[in-house]
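A.B. asks: Each residue of the sequence shown is one higher than the last, beginning at 16 in our numbering. The following block contains the structure, expressed as structure tokens.
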Amino acid sequence: MVMPNPNAQTTAGAGGGATESRCPAVVPAPAAANPELSERPRRRTFTAQAKLRILQEADQATGAGDIGALLRREGLYSSHLTDWRRQRDAGILNGLAPARRGPKASEANPLAAELAKAQQENAKLRLRLERAEAIIDLQKKVSDLLGMKLPPTESDAGS
Numbered sequence: 016m017v018m019p020n021p022n023a024q025t026t027a028g029a030g031g032g033a034t035e036s037r038c039p040a041v042v043p044a045p046a047a048a049n050p051e052l053s054e055r056p057r058r059r060t061f062t063a064q065a066k067l068r069i070l071q072e073a074d075q076a077t078g079a080g081d082i083g084a085l086l087r088r089e090g091l092y093s094s095h096l097t098d099w100r101r102q103r104d105a106g107i108l109n110g111l112a113p114a115r116r117g118p119k120a121s122e123a124n125p126l127a128a129e130l131a132k133a134q135q136e137n138a139k140l141r142l143r144l145e146r147a148e149a150i151i152d153l154q155k156k157v158s159d160l161l162g163m164k165l166p167p168t169e170s171d172a173g174s
């Protein structure tokens, strides 16, 4: 058997008494965002000069742990150094500049404009052909109604 607790207090939200109204609890508005944080994280980019400076420091590091200290100080991974060295050794000057993200614009095919024009002309000619065939069918029906005999056409001979 469960004994009631005389020290327990009931609240309106818990359904304590019939005289108290059941209204939702008021939730305070969230605190304003920290002004020190940026609204959206941004990807870090390194200029070619910064990359070359870091590579030069890494090449000059001779002591044990010097490269690790450099990477920690700059907030980099060893793969950054590997990629940047490969780009530097290949002589790719643009490779050291930050690359644009997203799909790359493809070069326009010189035949693409010609193909588009031919397709447009083909569509126009198909429309004209359909209209001409509709007119010919209408002429055939009118001639049958009027009892006139038309000479056979190429399409009639093939059928």
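By construction, the Cβ of each residue, glycine as well, lies at the ideal position given by its N, Cα and C atoms. Computed from a predicted model, the values in this text were never measured in an experiment.
Do you know offhand how far glycine 162's Cα is from leucine 144's?
C.D. replies: Here residue 162 refers to the residue found at position 147 when the sequence shown is read from its first residue. Here residue 144 refers to the residue found at position 129 when the sequence shown is read from its first residue. Distance between the alpha carbons of glycine 162 and leucine 144: 27 Å.
A.B. asks: Compute the Euclidean distance between the alpha carbons of phenylalanine 61 and alanine 73, then round it to the nearest angstrom.
C.D. replies: For this step, residue 61 is matched to residue 46 along the sequence shown. For this step, residue 73 is matched to residue 58 along the sequence shown. Taking the straight line from one Cα to the other gives about 16 Å.
A.B. asks: If I follow the unbroken alpha helix (DSSP H) through isoleucine 82, where does it start and stop?
C.D. replies: By one-based count along the sequence shown, residue 82 stands at place 67. First-last of the alpha helix (DSSP H) with isoleucine 82: 81 to 89.
A.B. asks: Give the DSSP-derived three-state secondary structure of arginine 13 in the structure shown.
C.D. replies: Since the displayed the chain opens at 16 and closes at 174, residue 13 lies outside it and no answer follows.
A.B. asks: For glycine 78, name the three-state secondary structure that DSSP assigns.
C.D. replies: Taking the first residue of the sequence shown as 1, we reach residue 78 at position 63. Reduced to three states, the DSSP call for glycine 78 is coil.
A.B. asks: Following the continuous alpha helix (DSSP H) through isoleucine 150, name the residue where it begins and the one where it ends.
C.D. replies: Taking the sequence shown and counting its residues from 1, one reaches residue 150 at position 135. From DSSP, the alpha helix (DSSP H) with isoleucine 150 extends over 125 to 161.
A.B. asks: Buried or exposed for leucine 204, please, with buried defined as at least 16 other CB atoms from any protein chain shown within 10 angstroms of its CB.
C.D. replies: Any property of residue 204 remains undetermined from this structure, which presents the chain solely from 16 to 174.
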